[in-house]
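Trainee: In this note's numbering, the protein residues as written are 3 to 312.
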Amino acid sequence: MNDNDQKRKQKLIIMITLSLVGCVLFVIIVAFGCALCDNLIDYLYDRIHAKQQITQSNNKNSEQYSQAPQQNLQSAPEINNSGSPQAQTLYAATPVTDFAYDFNEDYKSLKITRYKGEATTIVIPESIEGFPVTCISEGWFQPEEDTLYNIIVPKSIKEIEYKAFYSIKGTINIDISNLTYIGAFAFCESDLWGTIIFSNATKYVTGCFASTKITTVVVQEGVTCIENAMFAGCANLKSVTLPSSIKEIGFGAFGVCKSLTEVIIPEGVKIRYLNDEGAELDAFMGCTALPPLNRLKIIESGYKGIFNIP
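1. Use the C-beta contact count for residue 168: other C-beta atoms within 10 angstroms, 16 or more gives buried, fewer gives exposed.
2. Less than 8 Å between C-beta atoms, sequence neighbours within five positions excluded: which residues of the same chain meet that for residue 140?
3. Just to confirm, are residue 217 and residue 196 a CB contact at a threshold of 9 Å?
4. Determine which residues share a DSSP beta bridge with residue 98 and list them.
5. Contact defined as beta carbons within less than 8 Å: I believe residue 232 pairs with residue 253. What is the distance between those atoms, to the nearest angstrom?
6. Given that a residue counts as buried once 16 or more other Cβ atoms are within 10 Å of its Cβ, and exposed if not, what is residue 209?
7. The ligand HEM heavy atoms versus the CB of residue 220: any closer than 8 Å?
8. Checking 9 Å against the spacing of the C-beta atoms, do residue 256 and residue 237 come in under that value?
9. Could you have a look at residue 251 and say whether DSSP puts it in helix, strand or coil?
10. How far does the beta strand (DSSP E) with residue 215 in it reach, from first residue to last?
11. Spatial neighbours of residue 272 within its chain, please: CB distance less than 7 Å, with the 5 preceding and 5 following residues excluded, ordered by chain position.
12. Check whether the Cβ atoms of residue 247 and residue 265 lie closer than 9 Å to each other.
13. I need the straight-line Cα distance from residue 300 to residue 267, nearest angstrom please.
14. To the nearest angstrom, how far is the alpha carbon of residue 105 from that of residue 290?
15. Note down the Cα distance separating residue 97 from residue 128, rounded to an integer number of angstroms.
16. Would you list the one or two residues that DSSP bridges to residue 104?
17. Taking residue 302 as part of the alpha helix (DSSP H), name the residues at either end of that continuous run.
18. In terms of alpha-carbon separation, which member of 286, 228, 153, 118 lies closest to residue 99?
19. Return the first residue and the last residue of the beta strand (DSSP E) that residue 290 is part of.
20. Going by DSSP, what residue range makes up the beta strand (DSSP E) through residue 200?
21. Sort out for me which residues DSSP pairs residue 210 with in a bridge.
22. Please state whether DSSP places residue 192 in a helix, a strand or coil.
23. Under three-state DSSP, which class holds residue 120?
24. Can you check which of these residues, 131, 215, 114, is closest to residue 191 by C-alpha distance?
25. For my contact list, residue 93 and residue 123 are in at a C-beta cut-off of 8 Å; report their separation, rounded to the angstrom.
26. What are the start and end residues of the beta strand (DSSP E) that includes residue 134?
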């Protein structure tokens with residue numbers, strides 16, 4: 003074998019060897035690549051699966067959170083009628099579907115026209131469909147006899163119409179000082195209790211608080227008139243404070259308030275006491291617990307009626 007043949011043979015061996023080495027390296031690279039790809043797929047799968055679990059958990063929590071107001075997230079302070087918070091209490095939100103409602107005349111706010119539910123705790127919503135609820139209409143609620151209710155009225159409410167809470171027994175959580183209008187006999191014969199701050203910023207119509215459980219009335223400066231029968235028949239009423247601005251008190255305004263023992267009238271104030279012959283009820287008629295000196299003070303302010311029941 004000559005030198006050329008030997009060189010060709012060596013080159014062939016080298017080429018075959020290099021090819022074998024290349025094949026082995028290729029197999030190794032492919033195997034490593036497959037393993038790496040498999041690990042990468044497992045990693046991505048685990049990440050995607052974990053993300054799905056987190057998303058599902060968040061959705062579940064979000065759903066629970068959105069439902070939470072129906073359980074206990076809507077709160078309302080128990081307030082006396084002077085507007086002073088007494089305790090923060092959580093109430094179950096009443097579903098909006100339990101109410102019928104309509105636009106007020108301004109078409110910018112709503113009024114509650116009817117309660118359709120059966121629960122005894124009723125939380126009136128502050129807004130519905132993005133519109134503030136500002137009024138409670140006449141006849142919106144027909145209470146069951148001998149049933150105690152717990153009604154929470156939000157601060158968005160500005161007007162209470164005729165007999166809206168008439169004869170409702172139980173608790174009425176409302177800030178009276180937040181209202182601008184209270185219709186005739188709105189709370190008459192209800193269990194409304196506490197102190198009434200009688201403000202010039204609110205329009206009151208006949209008999210708003212007649213036969214309720216209020217204990218104190220403070221009429222603020224600027225008020226000039228107390229309408230007919232406003233507090234008539236309030237058996238628990240003990241104290242009334244009148245301002246120097248008061249000019250007129252309607253017939254029967256404090257009639258038959260049998261527990262009334264104090265009427266504070268500023269010195270020198272003269273009041274026109276109205277009388278209605280048909281009603282036959284003087285402003286302080288039936289206020290039998292008033293002491294003599296307090297009766298004299300009322301008489302000096304211009305009262306010509308009687309205190310006892312004939």
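Using N, Cα and C, we set each Cβ at its ideal position, and we do this for glycine too. These figures come from a predicted structure and were not determined experimentally.
Mentor: Checking against the coordinates, here is how it stands:
1. buried
2. 163, 164, 165, 166, 185
3. yes
4. In DSSP, residue 98 forms no bridge with anything.
5. Going by Cβ atoms, the distance from residue 232 to residue 253 rounds to 10 Å, so no, they are not a contact pair.
6. buried
7. Among the components modelled here there is no ligand, and therefore nothing to report on the ligand HEM.
8. no
9. strand
10. 215-221
11. 303, 304
12. no
13. 7 Å
14. 47 Å
15. 12 Å
16. 113
17. 294-302
18. 118
19. Here residue 290 belongs to no beta strand (DSSP E), and DSSP marks it neither H nor E.
20. 195-200
21. Beta-bridge pairing links residue 210 to no other residue.
22. coil
23. coil
24. 215
25. 6 Å
26. 133-138
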